[in-house]
Amino acid sequence: MSIKGKAAISGFAEMAPQKGAGNITPLGIIANMAREAIADAGLEKSDIDGLLTGWALSDYSVLWPSVVADYLQIRPAYFNQVELGGASAAGMVWRAAAAIEAGMCNTVLCVVGDRRARARQMPPFPSIEAEFDAPYGLIAANPGYALIAQRHKYEYGTTAEQMAKVAVDQRKSACQNPSALFGNKEIDIDDVLNSRMIVDPLHLLEIVSPCTGGGAFIVTSTERAKDGPHNPVVLLGAGEAGGHSSITHARSLTTSLVKPAAEAAFHMAEVSPQDMDFVQPYDCYTITVIVTLEDAGFCEKGEGGRFVADHDLSYAGDFPCNTHGGQLSFGQPGLAGGMSHVIEGARQLMGRGEGRQVKDASIGYVNGNGGIMAEQCSLVLGV
Amino acid sequence: MGDYTKPLPHPNEVSQPFWDAAKRHELQIQRCNACGTYIFYPREACSECLAADLIWIPVSGRGQLYSYTIAQAPTHPAFTDDVPYVIAIIELEEGPHITTNLVGCPIEDVTIGMPVVAAFEDVSAEMTLVKFRPE
Ligand SMILES: [Zn+2]
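Top line first, the protein sequences correspond to chains A and B.
Using the working numbering, the letters of the first sequence map in sequence onto residues 1 to 383.
Using the working numbering, the letters of the second sequence map in sequence onto residues 1001 to 1135.
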């Protein structure tokens, strides 16, 4: 049994990220996204019988799926929280498909929303990281990804200019995305390298910016999705991988869990990376994109730096990558940052990319990444 | 030392021997009696074979710099006065990786693969952190 081809994304909604906390709570954002996504899929609230959501850092609690179900007054026959950090939204797609295929429900609302968290609202770190990492300043994501980037430079000769190229090309696409937080002005490699060094080797413009935002999409059976107003975006393949928490104890700093996740997704879809019309890889940092492209098989291991330097990653280029600008330019509204890659994949395949539409896009790769390369979920979506 | 404001470890019954050894300026990690695997961070069962048969043993304190980042902006407000500082992963001679700060090394001399040795820093009356310096 496989979920290949069985379910599809039939509609979505996405809030334009806002820099400040904003005058809206995560639940308020979630309600807006739910209303808009349900309408976008041509459905009524009463059609929703499944709910997948993820925590909001700024309103962290236990039993969050019930908090959301209560707020929206829906009565799911299948509901849960997907707790895979930035991979949560990608993880929702196949979980929804599996629940539908298993007969647990028909139509799943996948929704997240968050507001820029104040420090005191952060949930506790894993106790082991609080004990053995935090005393040395290995706190949150920045230094963890810097450790990966430094080792990648050492093992493969990846350069600062190559890493910067990711941010530069994605910015070109962001300038065609009216929702992007940083979509007003193109940047060049010097702009990135002249931006403030935060955690060597990562500069300010290689690091995502936390913000307020949200997103939602609807997953239903491929058959039902055909009744909707949009071309169903069919889940063709999915793969997931995990196995570490602190980056210090990852089996490798430079070969990531993207490898097994992507292999599983392409295997299920019975396609190869070279068949993709675009890619939407999670990009909390520039190095994340380079490692992901290598491990997903778009180039040889260690060649990611040269690969991004040799290709035009913009929506109009020969290798469209994060056509919404990526989170580097779109912003990172909590878990909605990871959802932005899923939604942009669906948007492109529905032909709703407007000024940044990839020509003739019919199949694409999406990757979600959580923690410090700790949770990976790869998807192949197609129409 | 009374005004130390950076995050401190809060040992539990499993990890206490590690910090007790650090206080004596000794590096101890666990080893599995069943399969011989060296283990860090402290656990109640072996990370390889899951045997609940681990012993604490002193190790050399030597290793090499596996990766590092130079924090040019503080990764936590309490580290502001330390900028720039080196956050590092050390690969111990015995195998396990450990998070630390590299100390006693000019920033321009930090290189992956450099040999390092444990350097203990008494940060409070109760707590000693395990840092590393060039060997
Ligand atoms: Zn063992």
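For each residue, glycine too, the CB sits at the ideal point set by N, CA and C.
The model shown is predicted, which means the values in this text are computed figures rather than measured ones.
Option in the options with minimal Cα separation from residue i
i	options	result
arginine 1043(B)	Cys1035(B), Ala1125(B), Ile1029(B)	Ile1029(B)
alanine 164(A)	Glu206(A), Val279(A), Thr107(A)	Glu206(A)
isoleucine 372(A)	Ala261(A), Gln18(A), Gly28(A), Ala87(A)	Ala87(A)
tryptophan 1056(B)	Ala1073(B), Glu1026(B), Val1103(B), Arg1062(B)	Glu1026(B)
alanine 41(A)	Pro333(A), Thr159(A), Lys259(A), Ala225(A)	Ala225(A)
glutamate 1108(B)	Phe1120(B), Thr1100(B), Pro1084(B)	Pro1084(B)
glutamate 240(A)	Val82(A), Ile38(A), Cys299(A), Thr212(A)	Val82(A)
lysine 259(A)	Ala374(A), Pro210(A), Asp310(A), Arg115(A)	Ala374(A)
glutamine 73(A)	Pro143(A), Asp275(A), Leu109(A)	Leu109(A)
aspartate 1003(B)	Pro1134(B), Ala1125(B), Phe1132(B), Val1130(B)	Ala1125(B)
cysteine 1046(B)	Pro1096(B), Thr1111(B), Val1130(B)	Pro1096(B)
cysteine 431(A)	Ala167(A), Asp227(A), Ala180(A), Asp190(A)	Beyond the ends of chain A as shown, which are 1 and 383, falls residue 431(A); an answer cannot be given.
alanine 216(A)	Asp200(A), Gly5(A), Ala39(A), Lys19(A)	Ala39(A)
glutamine 1016(B)	Thr1128(B), Cys1049(B), Gly1113(B), Leu1065(B)	Thr1128(B)
glutamine 332(A)	Ala160(A), Arg347(A), Ala34(A), Ala141(A)	Ala141(A)
valine 233(A)	His203(A), Gly213(A), Gly157(A), Ser362(A)	Ser362(A)
threonine 288(A)	Gly103(A), Ala13(A), Gln162(A)	Gln162(A)
valine 67(A)	Ala90(A), Leu84(A), Ala77(A), Leu27(A)	Leu27(A)
isoleucine 189(A)	Ala160(A), Glu36(A), Met15(A)	Ala160(A)
glutamate 36(A)	Ser340(A), Pro124(A), Val111(A)	Val111(A)
glycine 346(A)	Leu381(A), Gln327(A), Gly337(A)	Looking at the sequence provided, one finds alanine at residue 346(A) rather than glycine. Ranking the options by Cα distance to alanine 346(A), first place goes to Leu381(A).
alanine 167(A)	Leu236(A), Ala336(A), Cys377(A), Gln327(A)	Gln327(A)
valine 21(A)	Gln348(A), Ile290(A), Ser340(A), Gly113(A)	Here residue 21(A) is alanine; the residue named in the question, valine, does not match the sequence. Here the closest residue by C-alpha is Gly113(A).
proline 229(A)	Ala8(A), Met339(A), Met1(A), Trp64(A)	Ala8(A)
Under 9 Å by beta carbon: chain B residues contacting residue i
i	result
valine 199(A)	Thr1069, Ile1070, Ala1071, Gln1072, Ala1073, Thr1075, Ile1087
Amino acids of chain B, ordered along the chain, whose beta-carbon sits closer than 7 Å to that of residue i
i	result
glycine 243(A)	Residues of chain B passing the Cβ test: none, with the nearest at roughly 11 Å.
asparagine 142(A)	Thr1075
alanine 146(A)	Thr1069
isoleucine 139(A)	Thr1075, His1076
Residue i at chain B interface by Cβ criterion, 7 Å
i	result
phenylalanine 125(A)	no
arginine 356(A)	no
alanine 117(A)	no
threonine 255(A)	no
glutamine 294(A)	Residue identity differs from the one stated: residue 294(A) is glutamate in this sequence, not glutamine. False, the Cβ-Cβ gap to chain B never drops below 7 Å.
isoleucine 290(A)	no
isoleucine 287(A)	no
isoleucine 207(A)	no
Any C-beta of chain A under 7 Å from that of residue i
i	result
histidine 1025(B)	no
tyrosine 1004(B)	no
leucine 1092(B)	no
phenylalanine 1079(B)	yes
leucine 1065(B)	no
Listed by chain order, chain A residues near residue i by CB distance under 8 Å
i	result
threonine 1100(B)	Tyr136
phenylalanine 1120(B)	Result: empty, since nearest Cβ-Cβ is about 13 Å, beyond 8 Å.
leucine 1008(B)	Pro135
isoleucine 1112(B)	Gln150, Arg151, Tyr154
leucine 1054(B)	Simply none; closest approach about 16 Å.
Under 7 Å by beta carbon: chain A residues contacting residue i
i	result
serine 1124(B)	Neighbours of serine 1124(B) on chain A: none; closest Cβ ~11 Å, over 7 Å.
tyrosine 1041(B)	Ile128, Phe132
serine 1015(B)	Glu131
Any non-hydrogen atom of ligand 2 within 6 Å of residue i CB
i	result
valine 342(A)	This structure simply doesn't include ligand 2; it includes ligand 1 instead.
Under 8 Å from the C-beta of residue i: neighbouring residues of chain B
i	result
threonine 248(A)	Ile1089, His1097, Ile1098, Thr1099
Residues that residue i contacts on chain A, provided the C-beta gap is smaller than 9 Å
i	result
leucine 1050(B)	Those do not exist, as leucine 1050(B) stays about 15 Å from chain A at its closest Cβ, beyond 9 Å.
When you compare the stretch 218 to 233 of chain A with the stretch 288 to 306 of chain A, are there three or more beta-carbon pairs, one atom per stretch, that lie closer than 8 Å? no
Under a criterion of Cβ closer than 6 Å to any non-hydrogen atom of ligand 1, which residues qualify, in chain order? Cys1032(B), Ala1034(B), Cys1035(B), Thr1037(B), Cys1046(B), Glu1048(B), Cys1049(B), Ala1051(B)
Is it true that the stretch 1060 to 1075 of chain B meets the stretch 193 to 202 of chain A, where meeting means three or more beta-carbon pairs spaced less than 8 Å apart? At 8 Å Cβ cutoff, the stretches touch.
Tell me, please, whether the stretch 46 to 53 of chain A touches the stretch 82 to 102 of chain A by the rule of three or more beta-carbon pairs shorter than 8 Å. yes
Are there three or more Cβ pairs, one per stretch, closer than 8 Å when the stretch 143 to 151 of chain A is compared with the stretch 253 to 268 of chain A? yes
Could you check whether the stretch 57 to 74 of chain A touches the stretch 232 to 247 of chain A, counting it as contact only if at least three pairs of C-beta atoms, one from each stretch, sit closer than 8 Å? no
Spell out a yes or no on whether the stretch 344 to 362 of chain A and the stretch 171 to 180 of chain A are touching, meaning 3 or more CB-CB pairs, one atom from each, closer than 8 Å. The stretch 344 to 362 of chain A vs the stretch 171 to 180 of chain A: in contact.
Three or more C-beta pairs closer than 8 Å, one from the stretch 360 to 370 of chain A and one from the stretch 280 to 300 of chain A: is that the case here? yes
State whether the stretch 258 to 275 of chain A contacts the stretch 312 to 326 of chain A, with contact taken as three or more CB pairs (one from each stretch) at a distance under 8 Å. no
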